[in-house]
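Reviewing the structure listed below.
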Amino acid sequence: MMDKQELSAAIRTLCSEKNAVIMAHYYQRPEIQDVADFIGDSLALAQQAAKTTADIIVMCGVHFMAETAKILCPDRKVLLPDPTAGCSLADSCRAEDLKAWKEAHPDYQVVSYVNTSAAVKALTDVVVTSSNALKIVNRMPEDAKILFGPDQNLGRYINQLTGRKMELWNGACHVHSRFSPEALMEMKKQYPEAKVLAHPECKQIILNLSDIIGSTQALLSYVKAHPEEKTFIIATESGILHEMQKACPDVTLLPVPPETTEGVGCHCNECEYMRQNTLEKLYACLKDETPEVIVDAAIAQAAVKPIQRMLDWSK
Ligand code: 13P
Ligand code: SF4
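See the structure below:
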């Protein structure tokens, strides 16, 4: 049995031997973020995958992130340490249901959040992430009729910013939609000087109580860019606190707790899917080069277009 330090060293050795690159989302366990070659939000991970020269990409994130990397790099091996790491938001939108929605709205274009399966992306006109959704929707013709899914919170927020009237899919991230407004109001009273930083996947009531709304990368950038501010209240998955604290060791970061019914459900703001990847699974997957993520060729051929459009429109 290797300890964490030995595992991390063995992982780095395997990366050099195999010309492999480890990409990790900010919501990964701290020890995975620390061993990765690259950490980023969903957009940065897709951009990085599109330009890597590595033979093997190990995507430390959830399944749709690995699928996106595979679609962009069909000739590379893409590994996901735990292939069952899914996403409740992506699961809320099945391709057959999106197809029916499109059929009921024949003159609409489909804008899909990156948190979707490859099969859903294959039915999409342009993909967005929380970093670029505003820019991309603004780039579409003003009279475009748009179906937006699956995150209704992000969609409603973009509608508010743009004045559009996109039709919204009824999905949400179970982590971002369970923050407690009562707890946040208490925290604001206790720390009146603290800015509230929230992800747009949060509910309206949380966004109304926030000062800065943005993707994980945008929230991290805000903390780094404001050394004069020393306390932040954070309404997103708590994995981001690791990189924020590393970048700004002297700030106090206060995570907003979720709503809970005494003794029932999860009492933390961690995404259990993101946490499925562990150092042990990462080591095993690099050593054995499995589990590999494979995307059906016809689906990949259709899905690459809206992903590439997103990358082009994000420049
Ligand atoms: P971003 O990476 O765009 O901030 O999205 C957060 C998220 O929920 C990823 O699953
Ligand atoms: Fe999906 Fe939410 Fe987890 Fe992100 S945090 S992977 S949106 S369930």
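Numbers 74 to 388, taken from our numbering, label the letters of the sequence shown in order.
C-beta: ideal position from N, C-alpha, C; glycine also.
| request: Would you mind sorting Ile413 into buried or exposed? The rule is 16 or more other CB atoms within 10 Å of its CB. | output: Nothing about residue 413 can be read from this structure; the chain reaches only from 74 to 388.
| said: Need the endpoints of the alpha helix (DSSP H) that Lys354 sits in, please. | reply: For Lys354, the enclosing alpha helix (DSSP H) has its first and last residue at Leu352 to Asp361.
| request: Could you name the residues whose beta carbon sits closer than 7 Å to any heavy atom belonging to the ligand SF4, keeping them in chain order? | output: Tyr100, Val135, Cys160, Ser161, Leu162, Ala163, Asn188, Cys246, His247, Val248, His249, Glu274, Glu310, Cys344, Tyr346 and Met347
| query | Between the region 93 to 112 and the region 121 to 141, do three or more beta carbon pairs fall short of 8 Å? | reply | yes
| message | Could you compute how far the alpha carbon of Val151 sits from the alpha carbon of Val131? | response | So the two alpha carbons sit approximately 6 Å from each other.
| Euclidean distance between Cα positions of Ser283 and Ala308 | Straight-line Cα distance between these residues: approximately 9 Å.
| Lys238, enclosing alpha helix (DSSP H) - first and last residue | Here Lys238 belongs to no alpha helix (DSSP H), and DSSP marks it neither H nor E.
| request: Select from Ala373, Glu353 and Asp369 the residue whose C-alpha is nearest the C-alpha of Pro154. | output: Glu353
| field | Residue of Met347, Thr197, Val184 and Gln78 minimising C-alpha distance to Ser203 | value | Answer by Cα proximity: Val184.
| said: Just to confirm the assignment: which complete beta strand (DSSP E) runs, minimum length 3, are found wholly within the region 191 to 219? | reply: 199 to 201, all fully within the region 191 to 219.
| message | Buried or exposed, going by whether 16 or more other CB atoms sit within 10 Å of the CB of Ala350? | response | One detail in the question is off: residue 350 reads as Asn in this sequence, not Ala. Asn350 comes out buried.
| said: Please classify Glu90 as buried or exposed, where buried requires at least 16 other C-beta atoms within 10 Å of its C-beta. | reply: exposed
| request: Closer than 8 Å by C-beta to Lys238: which residues in its own chain qualify, once you throw out the five before and the five after it? Chain order, please. | output: Asn232
| task | Classify Asp170 as helix, strand or coil using the three-state DSSP reduction. | result | helix
| query | Is the Cβ-Cβ distance between His247 and Ser161 less than 9 Å? | reply | Yes, these two residues count as a Cβ contact at 9 Å.
| Heavy atom of the ligand 13P less than 8 Å from the Cβ of Ser203, yes or no? | Yes; taking the cut-off as 8 Å, the Cβ of Ser203 has a heavy atom of the ligand 13P nearer than that.
| query | Glu169 to Thr197, Cα distance in whole Å? | reply | 13 Å
| So what does DSSP say about Leu234, is it helix, strand or coil? | helix
| task | For my contact list, Tyr181 and Leu234 are in at a C-beta cut-off of 8 Å; report their separation, rounded to the angstrom. | result | Incorrect: roughly 20 Å between the Cβ atoms, too far for contact.
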